[in-house]
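Quick notes on the structure that follows.
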Amino acid sequence: MPSQHQLRRRSAATTPLLLGLLLLTFVLVALGLGDRAIARMAAETLIRVTMVVGFWIFVGNSGVVSFGHAAFGCIGAYVSAWLTLNPAMKAALLPGLPEGLAAADWPVLPAAIAGGLAAAVIALLTGAAILRLSGIAASIATFAFLAMVNTIWANWTPVTGGTSSVVGLDRYITPWVALGWAFAAILVAALHAHSASGLALRATREDEVAAAASGIDRYRHRLLAYTLSGFFCGIGGALMGHFIGVINPDGFYLGLTFLMLAMLVIGGVGSLSGAVVGVLALSIAVEGLVRLEKGIAVGATTFALPPGSQEIILAVAMILILIFRPAGLMAGREVMLPARWVARRGT
Amino acid sequence: MVLALEQVGVAFGGFRALTDVTLSVAPGQVVGLIGPNGAGKTTCVNVLTGFQRPTHGKVILQGREVSGLAAHEMRRAGVARTFQAGRLFGGLDVLDNLACTGVGLGLRRSVAEHEASALLNWMGMAALESRAAAGLPYTDERRVAIARALMGKPRFLLLDEPAAGMSEAEAADLAALIGRIAAELGVGCLLIEHNVGLVLSVCTQVVVLDGGRIIEKGDREAILGSRAVREAYLGTYAEAA
Ligand SMILES: Nc1ncnc2c1ncn2[C@@H]1O[C@H](COP(=O)(O)OP(=O)(O)OP(=O)(O)O)[C@@H](O)[C@H]1O
Ligand SMILES: [Mg+2]
């Protein structure tokens, strides 16, 4: 007879599938409404799911807050742009690109993967330096990393285009493409969380000292999670670039960092489901706010929020959640099939 | 092949927590470490497990100097410990608490869980397997901490006040368990305890610390007969009683 523990493990295996179904439903409803703006919102939301789930792989399991993950998005976006932009255009816009990149004319999928891999390599290298630090010091170091990447990107004009935007990215991101990547991120995040390394990392989050006494090498497990996490944030950045068609270093700076943190905090950093739910809840709320900012006509009068109130309302929502529901909407729980269903299927 | 401190000194700034401490534990042996509050007992365990670098002297494991190893490396080398404060992984269930040590030692998760299950069984705690660690009663918490430390068959186990807060009967059960760990698993144990009766009942060898120095060392009779011990430790204990 399986123990309670084993049943719980089996139930937990249903989490990525249920989250996938939730996102699938979201896409079907969004497309079913037949509104182009809503379909775009759906694609953007799923790109954010990819990024925030990537972000969660590190933050959720290690308990170390990172302010640096938007920089991985930046790296992913630019690498994908360098590899896919029309070479003639690159010669004009980015004259400093090394020959290999200048001539590259890659298909979009390998370019996105290369963007993710480049971000993962940078995560591995910077993580090797940063992740020996304990909690708050590591967080501050990730923030310094973000500032560093932003400064390099804003000033290395011949290669990055500097603060002027790089334009002309192939806009191939449909809600379906974004859904595919979001699901891949969820699947990898769940596999990692269930792995030996994921368990070891959560032990260090619960109690660093006891984890060391259990033989756990905190640094190694943190570094693995940070690298995986960098990969999906890099992918998310690449998707975002090809979604909008225009990229700029400031698109991957404080605004995105704040948005990712807010989504994770509101959904709840304690579970993968929290990361996904946080993105959905906030994206839907933001869409509503944007519409209010544009104004809703009721009879002869138009009600409109002053522009910029979106950010303020997000910040207020985050603070309220921190005060009244500090563990977030999901409060550390995962969506999963009840143990008895899984048990019946298992026997 | 033993675990030993050789003339170890530890200084925190100008304060000398340990001075010239030499002691050793052999496989299958239970050594008691007693002494008043602040005597340096926990500091000894910290030095033996890589949590504290000695300022002077050496830590020796199986004839090799291991003074520079990190805490997780000491655990992998076979030196396990528990903490005065319990320190379970509160958000995980009991089985996962044990499995954490398994994966820390390099096992696959399923193998770690399998071993954890068997170990809980051996300790008569199979029923606790799926309980959240955070809500456990005090005595169970202590026993789970011991089980977690026993994963992967360490060669040495250092117990920091495992019976604190236990009733007489519970402490007696614990003494029996420690005896089994030494006899059946061949693990060398170092037992820190304020309950002197418990220490004298399970330990073949007792070391008494006071003010960071060893003031007595020997078997039960030697400790009971020692004037220095009576003055430094048993005296205060008797007065309090
Ligand atoms: N990290 C540290 N920094 C400074 N002083 C310390 C540190 N750790 C321990 N001490 C001091 O060293 C002395 C010995 O402490 P230790 O914890 O080893 O005592 P103990 O014998 O375990 O006492 P108790 O029975 O209260 O647990 C105490 O005076 C303590 O205040
Ligand atoms: Mg102590």
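If you read the protein sequences in the order shown, they are chains G and D. The first sequence begins at 1 in the UniProt record's numbering and counts up one residue at a time. The second sequence begins at 1 in the UniProt record's numbering and counts up one residue at a time. We put the CB at the ideal spot given by N, CA and C, even for glycine.
Among the residues facing chain D, residue 271 of chain G is not included, as its CB has no counterpart in that chain under 8 Å away.
Around the Cβ of residue 74 of chain D, a 10 Å sphere holds 16 or more other Cβ atoms; the residue is buried. Excluding five sequence positions before and after residue 286 of chain G, the CB atoms of its chain that fall closer than 8 Å to its own CB belong to 310, 314, given in chain order.
Judged by their CB atoms, residue 59 of chain G and residue 269 of chain G are nearer to each other than the 8 Å cut-off. Within its own chain, the residues whose Cβ lies closer than 6 Å to the Cβ of residue 188 of chain D, once the five positions on either side in sequence are excluded, are 25, 26, 27, 29, 156, listed in chain order.
The straight-line gap separating the alpha-carbon atoms of residue 166 of chain G and residue 83 of chain G is approximately 13 Å. Among the residues of chain G, those whose CB is under 8 Å from the CB of residue 109 of chain D are 194, 195, 196, 199, following chain order.
Residue contact with chain G for residue 132 of chain D: absent (no Cβ-Cβ distance below 8 Å to any residue of chain G). Of the candidates D:148, D:142, D:160, D:181, the residue whose Cα lies closest to the Cα of residue 166 of chain D is D:142.
In this structure, ligand 2 has a non-hydrogen atom nearer than 7 Å to the beta-carbon of residue 160 of chain D. At least 8 Å separates the CB of residue 27 of chain G from every CB of chain D.
Chain G places a beta carbon closer than 8 Å to that of residue 103 of chain D, counting this residue as a contact.
Where residue 62 of chain D is concerned, there is no enclosing alpha helix (DSSP H), because DSSP gives it neither an H nor an E. Counted as a single uninterrupted DSSP element, the beta strand (DSSP E) harbouring residue 189 of chain D occupies residues 188 to 192.
For the 8 Å CB-CB criterion, residue 122 of chain G and residue 232 of chain G do not form a contact.
The beta-carbon of residue 72 of chain D is placed less than 8 Å from the nearest beta-carbon of chain G.
Here residue 195 of chain D is buried: its Cβ has 16 or more other Cβ atoms, across all protein chains shown, within 10 Å. Of all residues in the region 159 to 176 of chain D, none comes within less than 8 Å of chain G when Cβ atoms are compared. For residue 82 of chain D, the shortest separation between its Cβ and any heavy atom of ligand 2 does not lie below 7 Å. Between the alpha carbons of residue 46 of chain G and residue 175 of chain G lies a gap of roughly 7 Å. The count of Cβ pairs closer than 8 Å, one atom from the region 88 to 97 of chain D and one from the region 129 to 144 of chain D, reaches three, so the stretches are in contact.
Contacts between residue 198 of chain D and chain G, judged by CB atoms closer than 7 Å, are missing: the closest CB pair is about 23 Å apart. Residue 52 of chain D sits buried, since 16 or more C-beta atoms from the chains shown fall within 10 Å of its C-beta. Contact between residue 212 of chain D and residue 42 of chain D does not hold, since the beta-carbon distance rounds to 12 Å and is not under 8 Å. Scanning its chain for C-beta atoms nearer than 7 Å, with the 5 sequence neighbours on each side dropped, one finds around residue 322 of chain G the residues 265, in chain order. Under the Cβ criterion of 8 Å, residue 321 of chain G is not counted among the residues facing chain D. For residue 248 of chain G, the CB contacts under 6 Å within the same chain, skipping 5 residues up- and downstream, are 165 in chain order. Secondary structure of residue 22 of chain D (DSSP, three-state): strand.
Secondary structure at residue 50 of chain G: helix, using DSSP grouped into helix, strand and coil. Proximity of the beta carbon of residue 49 of chain D to ligand 2 is not indicated: no heavy atom of the ligand is located closer than 7 Å. At a cut-off of 7 Å, the beta-carbon of residue 71 of chain G does not count as near ligand 1: no heavy atom of the ligand is closer than that.
Distance from residue 66 of chain G to residue 142 of chain G at the Cβ level is roughly 4 Å; contact confirmed, criterion being Cβ atoms closer than 8 Å. For the region 203 to 228 of chain D, the set of positions with a beta-carbon nearer than 9 Å to some beta-carbon of chain G is empty. Bridge pairing for residue 41 of chain D: absent [DSSP]. Taking 7 Å as the cut-off, the C-beta of residue 211 of chain G does not count as close to any heavy atom of ligand 1. The closest heavy atom of ligand 1 lies less than 7 Å from the beta carbon of residue 37 of chain D.
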